[in-house]
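Data first, discussion second: the structure below is written as structure tokens.
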Amino acid sequence: MTIQQAAEQADARTAAKGQPGSDPGASVPMVAFEGAGKRYGPSGEGGFTAVENVDLTVARGAITGIIGRSGAGKSTLIRMVNGLEATTSGKVLVDGVDVGALGEDGLRGLRRQVGMIFQHFNLLSSRTAFDNVALPLEIAGVDKAAIRAKVGPLLDLVGLGDKAGRYPSELSGGQKQRVGIARALATDPKLLLSDEATSALDPETTQSILELLKRINAELGLTVLLITHEMEVVKTIASHVAVIDAGRIVEAGRTFDVYTNPQHETTRTLLAASLKLPEWLRSSIKPQPAAGDRVLVRLVFFGETAFRPLTGQLVAELGSDVNILAGAIEEISGEPFGSLVVSYSADPDVVARANRFYAETGLSTEVLGYVA
Ligand SMILES: Nc1ncnc2c1ncn2[C@@H]1O[C@H](COP(=O)(O)OP(=O)(O)OP(=O)(O)O)[C@@H](O)[C@H]1O
Ligand SMILES: [Mg+2]
49 MTIQQAAEQA
59 DARTAAKGQP
69 GSDPGASVPM
79 VAFEGAGKRY
89 GPSGEGGFTA
99 VENVDLTVAR
109 GAITGIIGRS
119 GAGKSTLIRM
129 VNGLEATTSG
139 KVLVDGVDVG
149 ALGEDGLRGL
159 RRQVGMIFQH
169 FNLLSSRTAF
179 DNVALPLEIA
189 GVDKAAIRAK
199 VGPLLDLVGL
209 GDKAGRYPSE
219 LSGGQKQRVG
229 IARALATDPK
239 LLLSDEATSA
249 LDPETTQSIL
259 ELLKRINAEL
269 GLTVLLITHE
279 MEVVKTIASH
289 VAVIDAGRIV
299 EAGRTFDVYT
309 NPQHETTRTL
319 LAASLKLPEW
329 LRSSIKPQPA
339 AGDRVLVRLV
349 FFGETAFRPL
359 TGQLVAELGS
369 DVNILAGAIE
379 EISGEPFGSL
389 VVSYSADPDV
399 VARANRFYAE
409 TGLSTEVLGY
419 VA
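FYI, my numbering numbers position 174 of the sequence shown as 222, with every residue one higher than the one before it.
Here you go:
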């Protein structure tokens, strides 16, 4: 069965269940993990479970981030979407189609509809930028004239119209990733997967690649699923996020909600690493207090709390002991919020007074650690 036939069958099934008059495609998420798991090696002794029992949906047209530490299972999870890794339990559906049920032909069809970009770009060094972008079209048997008509505009789209004849060794990292993005778009996919696409790039180049992905998402309506270990990446472009730890999804939701009010320890740790703290402060944070230490707390202001003079009240509550160490007003998906990093005595009495104040005012806070 080809992916087209599979997709038609899936659509027919959804329509058969369906609400009269509704668009059957609209209710199906672009990607659905249903109890999906991956075990490498033998089952039982000697094997390793990299991804376990993941239930997660990726909304159509959105940019969704999956964040986790190194070894958490991010690459394994994203490679299950285009069948580069087979699930060993549960299933993954792409646009309603069970990836595990596809044969060779079906998988080839799926990979035309699911583009992918990589940390190290994976370009062929013996081919020019043009010929790298043309490769998936050649494989799909597209004729030369149609390839020429397709590749030029794609190189223009990613800002490399003048680099068509350059080889990868003549391009910067950011330019190579732009070639990778154009290649991933060559077959008009409906889903783009990104495995740490900006991890090998400097901060400025990272921003420009993220801007490009945002523009492609908005202009082409392409769904994007990206994995990263950096909260900054998620915060910059993803409207939704899932946090993966040791192969399991520990938290998921709107990026704004997860970033302003993280629930899981892993999320808090990833988030603390992304805060723009001065280096002297970052390097002196300890997980446990010693006598006389100060507690370091992140206060987050959004919605109703953004408009109240709570910092002044906190200072009044704790006496002159509060130090303000960093602060910023930012936004996620257009929603603004403020955050402030403060320190005060870790003395249990002071901490109890502060916590009472947070509870009464509804201020969102997290302890980042302790400093001398
Ligand atoms: N082919 C394999 N055989 C056995 N174990 C594997 C295999 N591939 C990955 N693993 C293990 O599965 C776990 C998850 O690996 P994965 O590459 O998915 O992590 P990741 O979150 O992408 O990490 P990173 O951020 O370092 O890229 C790791 O402990 C890894 O050692
Ligand atoms: Mg990885």
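Backbone N, C-alpha and C fix where the C-beta goes; we use that ideal spot for every residue, glycine too.
As the structure is a computational prediction, the values presented were derived from the model and not from experiment.
- Between ligand 1 and residue 135, a heavy atom-to-CB distance of less than 8 Å is absent.
- In this structure, the alpha-carbon of residue 290 lies about 16 Å from that of residue 322.
- Any heavy atom of ligand 2 within less than 7 Å of a residue's beta carbon puts that residue on the list, which reads 122, 123, 243, 244 and 275.
- The beta carbon of residue 129 lies closer than 8 Å to those of 79, 140, 142, 147, 162, 239, 241 and 273 in the same chain, with the five residues before and after it left out.
- Only residues of its own chain outside the window of five on either side were considered, and among them 291, 293, 298 and 299 have a CB closer than 8 Å to the CB of residue 312, listed in chain order.
- Shown here, residue 164 sits in a strand according to DSSP, grouped into three states.
- For ligand 1, no non-hydrogen atom lies closer than 8 Å to the CB of residue 81.
- About 13 Å separates the CB atoms of residue 206 and residue 171; that is not less than 8 Å, and the two are not in contact.
- Shown here for residue 349: same chain residues with a beta carbon closer than 6 Å to its own, the five before and five after excluded, namely 386 in chain order.
- About 12 Å separates the beta carbons of residue 416 and residue 318, which is beyond the 8 Å limit, so they are not a contact pair.
- Separation of residue 225 and residue 94 (C-alpha to C-alpha, rounded to the nearest whole angstrom) is 37 Å.
- Residue burial is scored here from C-beta neighbours: residue 223 has at least 16 other C-beta atoms within 10 angstroms and is therefore classed as buried.
- The C-beta of residue 244 has 16 or more other C-beta atoms within 10 Å across all chains shown, which makes the residue buried.
- Taking a 10 Å sphere around the C-beta of residue 96, we find fewer than 16 other C-beta atoms and assign the residue as exposed.
- A distance below 9 Å separates the beta carbons of residue 374 and residue 329.
- Looking at the DSSP output, residue 242 shares a beta bridge with 165 and 274.
- Taking residue 393 as the centre and dropping the five residues before and after it, the same chain places the C-beta of 342 and 369 closer than 7 Å to its C-beta, in chain order.
- Here the distance from the Cβ of residue 322 to the nearest heavy atom of ligand 1 is not below 8 Å.
- Between ligand 1 and residue 119, a heavy atom-to-CB distance of less than 8 Å is present.
- By the C-beta criterion, the region 265-279 is judged to be in contact with the region 113-122, since at least 3 inter-stretch pairs fall below 8 Å.
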